[in-house]
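Student: Structure below; questions to follow.
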Amino acid sequence: MKPLPATLTAPDGGPHESDLSRHLLLLNQISLTMQSTLELSRLMHVILSACTAGDGLGFNRAFLALVSEKGDELVGEMGVGPINAAECASIWAAIRDQELTISDFIERFDQARSFQDSDFNQMIRRLRIPLRPEGGVLALTALERKPFLITHASSDSRTDKALIAQLGVAELETAPLLARDSVLGVIVVDNRFNQRPITRHDRHLLSILAGQAAVAISNSRLYQKVEELNQRLEQRVAESTADLRDRLAELSTLYEVQQAIVTTLDLERVLDLIVRKAVEVLSVETCSIHLVDGERLVQVASYRPLEAEERGYLPNLPALLATRANILPPVTAPDGRDHICLPLRAQERLIGVLHLACNRCDLDAARLSRLAVTIANQAAITIENARLYQDLEEKRAEAQRSLAELRRTQAELIRKERLASLGEMAAVMAHEIRNPLTSIRGFAQRIGRAQENPKYRNYTRIIMEEVDRLNEVIANVLEFARSLEPRFSECDLRETLAETLTLLGEELRAAAIAVECRFPETFSLLRCDAGQLKQLFLNMLQNAIHAMPHGGVLTVALTDHPERVEIEIADTGVGIPADKLERIFEPFFTTKARGTGLGLHLARRIVEGHGGRIRVTSTVGRGTSFIIDIPRPRRQCPIPRRSYRHEEHPCGGRRRAYPAAVSG
Amino acid sequence: MKSILVVDDEEHIRLLFQDELTDEGYHVRTAASAREGWDLIAERVPDLVILDIRMPEQSGLEMLEDLRQRFPHLPIIMCTALRALEDDYTIWESQVSAFVSKPVDLDDLIVKVKDAIGAPD
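Taken in order, these protein sequences are the chains called A and B.
Start counting the first sequence at 0; every next residue gets the next number (numbering that gives the first Met the number 0).
Start counting the second sequence at 0; every next residue gets the next number (numbering that gives the first Met the number 0).
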């Protein structure tokens, strides 16, 4: 901006031609400067500087008062001017020397705002004038929307005497700040220090300046309003962004749950995940899911175990069935916890309830409700999906079972056919052999009776004994053929073992054998051929007894694994040499003086018939241990189809209490 | 003298039983089949029949049924080679005096005969 020639208007000089053109230029420049700033306090300073600057309008002092927001009073905003005549003179001198322009003033305002601390500015800022005719000349300026020149302030009836006293002037000029038909305030100037009279020319310039100032102030205020609006908008945006971020987090949590559901159809795991996520996302203390099972609700998942009194806050089934609400009103417990329940529905049908408990909920009700309802919906869908999947699985398993059943039946038929022929053959063989045996034995018996010579009598006794031995072999073969027909039923192996031990009680006592039984306290019934297994145990136990002719310890241990059952029968007997150990399951192989060699072969056949296997370890002189493994049929899916059978044992399997051990 | 009919398809067993029971003092007749047995019964109804179960043509069990219909109180001892399968014959138990298993112990046979019909006179 081109600096204006710095001339100080003579204190008593009137306007000259050169002054007029200079002032017009000045006003133009002031107008441009005012347009360059929108900050109100800076703008006011520009206006007042323009009024007081030596190259400006050249008044000694100037101040601004603006109409309050309510419009009922004028409020002093800013005053510019030296403290006394000396400072006034020095300023003018300085201005002249430095050739300061309006823009210099503005720079000075930016550099040092010390003028704000001046007494004059402080006084002006305390100024409050009611906007009523009795408010004095300032009020009149605003009310009548015209400038006033007061030449004898102390005696003029239109002035507020207190204000005049404070200002300490006789003459002052006012001008209204008018913009778009409204009064923004007033501007007041005086020449307190050099006492220069205010000329018509001065008044004219001031009114032009006031007009420009009013427009600038109006603009500034509009700008400020826009700024405020902008800020409010920005705040809203920030809030919305934060909200969006929260919702995004919620969504990602829900997505996580969804993903888990997609990737796993194991209902138990998904329900567990839902309650954990619910606690995490909703900042609640616990979460549990209860499903409808007939006439009652059964808990299927919980973040932590519910206490008895907490269950009291679950709604009853009729109440749940009656409501259409997605979320029930919270109930506050005496301990201060809030209990919130959300019905779970699948295709409009009530399937359960999601329960939340929180000490002090960090979430607002709307967010809690929104999220909790979403999670509840998610849970309902999950449960329904898992059930559908389970139905499908069951049908598939059923089909598979039917197929397996068919195969088994076929195998069974073939086997029965074979067995029938085996039985038939055995019967024929028995008949064909036993008839001659009868003759041999009978005639030997008769010869023996008639024989006087003890040597020959002994021979006939031997013949009869050998016949009896042959007969035993046949009996075993017949028994073997008969025992191969399995008859399956659910049985408690502890009972089977105990019964077998009871059968052998006499033999055990006679051989001075101590029995150590290790049976589990509970045993899930095993589907097996109890008769065959009894035969198996009998064979094994008899072998053990035979291995301990001089007494010892017989250990019978039963272990119930989820997938299989293990039976160990161990003796402290003579043991089996390693070279014979691998042959003991072969038919007709025996280590005993008297034995058919079929016992262990039969044992292995029975175990294999149950899909199991039998192992043996033995040390000569230390004893022998047989371990029989029988697999359990694969368990069913732990979650029942439409209802949950039993809370404690969702895996099913009947269990019976049983004494810890059976003594032998 | 008490009369015993032995029905068995095995020649040696017929001989064994005949000698043993004759020595014991009974009057013994033998038949190799059910048909022969019926012929001898037609001549004279015995005091006891010892009947083998497994025989060609009519089996011992079939003959037993017919005998029961005609002579409800006739003592009968069944003789079986299928000792291990005797469970299968439990339904007949109430209808017979005793079962003897092959190979037969002759002392056991005599005890059962005496239980059924008493001493030979």
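For each residue, glycine too, the CB sits at the ideal point set by N, CA and C.
1) So with CB distances below 7 Å, who are the chain B contacts of Arg-468/A?
2) At what residues does the beta strand (DSSP E) containing Ala-569/A begin and finish?
3) What are the partner residues of Leu-177/A, as DSSP defines its beta bridges?
4) When the Cα atoms are used, what is the spatial distance from Ala-318/A to Val-330/A?
5) Quick one: is Gln-444/A near chain B, going by C-beta distance under 8 Å?
6) Once the 5 residues before and after Leu-599/A are set aside, which same chain residues still bring their CB inside 6 Å of it?
7) Within the 8 Å Cβ cut-off, does Asn-434/A reach chain B?
8) Cβ closer than 9 Å: which chain B residues qualify as neighbours of Ala-426/A?
9) Note down, in chain order, every chain A residue with its Cβ under 8 Å from the Cβ of Pro-119/B.
10) For a cutoff of 8 Å on Cβ pairs, would you count Thr-437/A as touching chain B?
11) Rounded to a whole number of angstroms, what is the C-alpha to C-alpha distance between Arg-641/A and Ser-287/A?
12) Going by beta-carbon coordinates alone, are Leu-126/A and Pro-132/A separated by less than 8 Å?
13) Buried or exposed: His-560/A, going by 16 or more other Cβ atoms within 10 Å of its Cβ?
14) Can you find a C-beta in chain A that's less than 8 Å from the C-beta of Asp-107/B?
15) Give me the Cα-Cα distance between Val-372/A and Ile-326/A, rounded to the nearest whole angstrom.
16) Is the separation between the beta-carbon of Val-188/A and that of Leu-205/A shorter than 8 Å?
17) Residues in its own chain within less than 8 Å of Met-463/A by CB, not counting five upstream and five downstream?
18) Would you call the segment 63-82 of chain A and the segment 172-190 of chain A touching, i.e. three or more CB-CB distances under 8 Å?
19) Relative to the alpha-carbon of Thr-51/A, which residue among Lys-579/A, Leu-26/A, Ser-488/A, Pro-129/A has its alpha-carbon at the smallest distance?
20) Ordered along the chain, which non-local residues of its own chain (more than five positions away) have a Cβ less than 7 Å from that of Val-274/A?
21) Looking only at its chain, what residues have a beta carbon closer than 7 Å to the beta carbon of Gln-450/A, apart from the 5 residues adjacent to it on each side?
22) Suppose the cutoff is 6 Å on Cβ atoms and the five residues either side in sequence are ignored; what does the same chain contact list for Ala-30/B look like?
23) So, using beta-carbon positions, are Lys-101/B and Thr-437/A closer together than 8 Å?
24) Just grab the DSSP bridge partners of Cys-490/A for me.
25) Is Ala-429/A close to chain B? Criterion is C-beta to C-beta, closer than 8 Å.
26) Compute the distance between the beta-carbons of Glu-108/B and Val-95/B, then report whether it is under 8 Å.
27) In the DSSP output, which residue or residues are listed as bridge partners for Ala-513/A?
28) Given that a residue counts as buried once 16 or more other Cβ atoms are within 10 Å of its Cβ, and exposed if not, what is His-151/A?
29) Checking contacts by CB at 8 Å: is Leu-15/B closer than that to chain A?
30) Is there at least one Cβ from chain A nearer than 8 Å to Glu-9/B's Cβ?
31) Given a cut-off of 8 Å, decide if Ala-141/A and Leu-247/A are closer than it, judged by their beta-carbon atoms.
32) Nearest CA to the CA of Ala-63/B: which residue from Leu-50/B, Pro-55/B, His-11/B, Tyr-25/B?
33) Mapping DSSP to helix, strand and coil, what is Leu-557/A?
34) Which class does Pro-317/A belong to by DSSP, given the choice of helix, strand or coil?
35) Does the beta carbon of Gly-447/A come closer than 8 Å to any beta carbon on chain B?
36) Count the other CB atoms within 10 Å of the CB of Ile-571/A; is the residue buried (16 or more) or exposed (fewer)?
Tutor: Quick answer:
1) What Arg-468/A touches in chain B: nothing, since even the nearest Cβ is about 11 Å away.
2) That run of the beta strand (DSSP E) goes 563-569.
3) Its beta-bridge partners are Val-182/A.
4) Each residue's Cα considered, the two are about 14 Å apart.
5) By this cut-off, Gln-444/A is an interface position.
6) Around Leu-599/A: Ile-583, Phe-584.
7) yes
8) Simply Arg-53, Ala-80, Leu-81, Leu-84.
9) None at all; the shortest Cβ gap to chain A is about 18 Å.
10) Interface residue, yes.
11) Low per-residue confidence applies at Arg-641/A: pLDDT is 38, beneath 50, and the placement is therefore not dependable enough to give any value.
12) With contacts defined as CB atoms closer than 8 Å, Leu-126/A and Pro-132/A fail to qualify as a contacting pair.
13) exposed
14) no
15) 7 Å
16) yes
17) Arg-440, Ala-443, Gln-444, Gly-447
18) yes
19) Leu-26/A
20) Cys-286, Ser-287, Ile-288, Ala-300, Ser-301, Tyr-302
21) Arg-456, Thr-459
22) Annotation for Ala-30/B: Val-6, Gly-36, Leu-39 place their beta carbon closer than 6 Å to its own, counting only its chain and skipping 5 residues before and after.
23) It is a contact, given that the beta carbons lie within the stated cut-off.
24) Leu-525/A
25) yes
26) Sequence inspection shows Leu at residue 108/B; the Glu mentioned does not correspond to that position. In this structure, Val-95/B does not lie closer than 8 Å to Leu-108/B by Cβ.
27) As a beta-bridge residue in DSSP terms, Ala-513/A pairs with Val-552/A.
28) exposed
29) For Leu-15/B, the closest Cβ of chain A is nearer than 8 Å.
30) yes
31) no
32) A quick correction: the sequence has Leu, not Ala, at residue 63/B. Comparing Cα-Cα distances from Leu-63/B to each of Leu-50/B, Pro-55/B, His-11/B, Tyr-25/B, the minimum goes to Leu-50/B.
33) strand
34) helix
35) no
36) In the sequence as presented, Ile is not what sits at residue 571/A; that position holds Thr. With 16 or more Cβ atoms within 10 Å of its Cβ, Thr-571/A is classed as buried.
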